[in-house]
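Peer 1: Please see the structure below; I have some questions.
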Amino acid sequence: MSKTKTLGEFIMDGQSAFPFVSGQLTRLLTDISVASKIVSHQVNRAGLAGILGDAGSTNVQDESQQKLDVIADDTFMRILSAGKSVAGIGSEEQEEAFICGDEARNGKYIVLIDPLDGSSNIDVNVSIGTIFSIYRRVTPVGEPISEADFLQKGTEQIAAGYVLYGSSTMLVYTTGTGVNGFTLDPAVGEFFLSHPQMEFPEVGSTYSVNGALLDTCTEPTKKFVQRCHEDNSLNYRARYIGSLVADFHRNLIHGGIYIYPSLSNKPNGKLRLLYECSPPSFIAEQAGGIAIHDNGRILDVQPTELHQRIPYYVGSKNLVEAMQECLSS
Ligand code: P6P
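Heads up, the sequence shown is in my numbering, so the first residue is 1 and it goes up one at a time.
See the structure below:
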């Protein structure tokens, strides 16, 4: 029986295809998997370790931080900054980008991360996730890094992925040659390749949008949802978990569209471009899907601020194209 490949073997296979690489990306992806295992362990024992609930602090978004938000952020920051592959980290939980120490000045990469997305679901044991993006720095290695290193278009991503802390813990990522999913076997502490070459099904019929927002969202989303209700050609269903990673992952496997639209009181919606939208958009396009905002492709947007928000529509081609029609009509 062929042995199931571990994440480490898969990453090394990727490196061996480019023998002259420095190995920094391999080390960085490995560091992300290590941090993910630590966070998975903390999430899975949260109710027993007194780490549920509020941390008593707020983040830059003025959202109350959960204890696990802080733990996840500390874990990823500590491990990624120690790895010497990363020159800087932009995190949802940190107002300013974190500049890694002198020993990381030779780091070639920049990481943008939402350490724990879906925090409102932590205390009720519903799936949550980590979302990450990896870019090459634009400033010369060895030089101080600048804002431009963090504000790169999504098309410049070297890799992007998410970790889903669900009924099992999965790490799903792309480096631009397809999307592969790995499942953590907690008995041995290894991620194993369980979902090779993931792609959206040909047709999706699930839409994920917070129904309570339909009163305040702009007309195109109202029109899209109305069309789903009226179109009997597909057996549409609504599924909304309140965790982008969980909704995105289900839609990737079964087909569907995730929507966080522009609202009358929040014209840029809620989701952050750099660490909530660009990574799943890279994955979506690699898996045959589409990812857009109100006026075009997410990956083409030139960021202007680390925490900027953007309306977001991502998923199966047939559904996002239907949403595009509503946006342009
Ligand atoms: P609402 C979690 O805070 C998040 O960023 C996404 O993971 C999730 O889809 C969305 O916000 C939920 O927001 O306004 O529907 O509760």
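Each residue gets a CB set at the ideal place from its N, CA and C atoms; glycine is no exception. All figures in this text were calculated on a predicted structure; none of them were measured in a lab.
(1) Looking at the unbroken beta strand (DSSP E) that takes in F200, where does it start and where does it end?
(2) Is I89 helix, strand or coil when you go by DSSP?
(3) Is K270 near the ligand P6P - that is, is its Cβ less than 7 Å away from at least one heavy atom of it?
(4) By the 10 Å Cβ neighbour count, where 16 or more other Cβ atoms means buried, how is A87 classified, buried or exposed?
(5) Is it true that the CB of K153 sits closer than 8 Å to the CB of V314?
(6) Report the CB separation of G255 from F182 in whole angstroms; it is logged as a contact under 8 Å.
(7) Who are the near neighbours of L214 in its chain, counting only those whose CB is closer than 8 Å to its CB and skipping five residues on each side?
(8) Under the assumption that S243 contacts S127 (Cβ atoms under 8 Å), give the Cβ distance between them as a whole number of angstroms.
(9) Where does G47 land, buried or exposed, given buried means 16+ other C-beta within 10 angstroms?
(10) Any heavy atom of the ligand P6P closer than 7 Å to the Cβ of E93?
(11) Inspect the beta-carbon positions of H99 and I145 and report whether they are closer than 8 Å.
(12) Going residue by residue through the stretch 248 to 288, where are the continuous alpha helix (DSSP H) segments of at least 4 residues, counting only ones entirely within it?
(13) Drop a sphere of 10 angstroms on the beta-carbon of Q197, count the other beta-carbons inside from all chains shown, and report buried for 16 or more, exposed for fewer.
(14) Identify every residue that forms a DSSP beta bridge with A179.
(15) Quick one: what does DSSP say G56 is sitting in, helix, strand or coil?
(16) Spatial neighbours of N180 within its chain, please: CB distance less than 6 Å, with the 5 preceding and 5 following residues excluded, ordered by chain position.
(17) Looking at T130: is its Cβ nearer than 8 Å to the Cβ of D117?
(18) Looking at S243 and the ligand P6P, is the gap between the Cβ and the nearest heavy atom below 7 Å?
(19) Assuming Y275 and G90 make a contact with CB atoms under 8 Å, what is their CB distance in whole Å?
(20) Which word fits D69, buried or exposed, when buried means at least 16 other C-beta atoms lie within 10 angstroms of its C-beta?
(21) Between the C-alpha atoms of R227 and L234, what's the straight-line distance to the nearest angstrom?
(22) With distances taken between CB atoms, is the gap from G101 to S81 smaller than 8 Å?
(23) Less than 7 Å between the CB of G90 and some heavy atom of the ligand P6P, yes or no?
(24) Would you check whether the ligand P6P has a heavy atom nearer than 7 Å to the C-beta of E321?
(25) Please report the distance separating the alpha-carbon of D294 from that of V188.
(26) For the alpha helix (DSSP H) that I79 lies in, which residues bound it at each end?
(27) Using the rule of at least 16 other Cβ atoms within 10 Å of the residue's Cβ for burial, across every protein chain shown, is A291 buried or exposed?
(28) Is D185 helix, strand or coil by DSSP?
(29) Leaving out five residues on either side along the sequence, give the residues of the same chain with a beta carbon under 8 Å from the beta carbon of N265.
(30) What does DSSP give as the partner residues of A159 in its beta bridges?
Peer 2: For this structure:
(1) Per DSSP, F200 belongs to no beta strand (DSSP E) and is neither H nor E.
(2) strand
(3) yes
(4) buried
(5) No, the pair does not count as a contact, with Cβ atoms beyond the cut-off.
(6) Not quite, the Cβ-Cβ distance comes to about 22 Å (not below 8 Å), so this is no contact.
(7) Around L214, the same chain offers T221, K222 and V225 as residues with beta carbons nearer than 8 Å, after the five sequence neighbours per side are excluded.
(8) The Cβ separation is near 5 Å, so the contact holds.
(9) exposed
(10) For E93, the distance from the CB to the nearest heavy atom of the ligand P6P is not below 7 Å.
(11) Position check: residue 99 holds Ile in this sequence, whereas His was assumed. Against a cut-off of 8 Å, the Cβ pair of I145 and I99 comes out as a contact.
(12) 278 to 286
(13) exposed
(14) The sequence shown places Val at residue 179, rather than the Ala named in the question. Answer is T174.
(15) strand
(16) P196
(17) yes
(18) yes
(19) 7 Å
(20) Counting the other CB atoms within 10 Å of its CB gives D69 a total of 16 or more, which places it among the buried residues.
(21) 11 Å
(22) yes
(23) no
(24) no
(25) 45 Å
(26) K67 to A82
(27) buried
(28) strand
(29) T216
(30) I134
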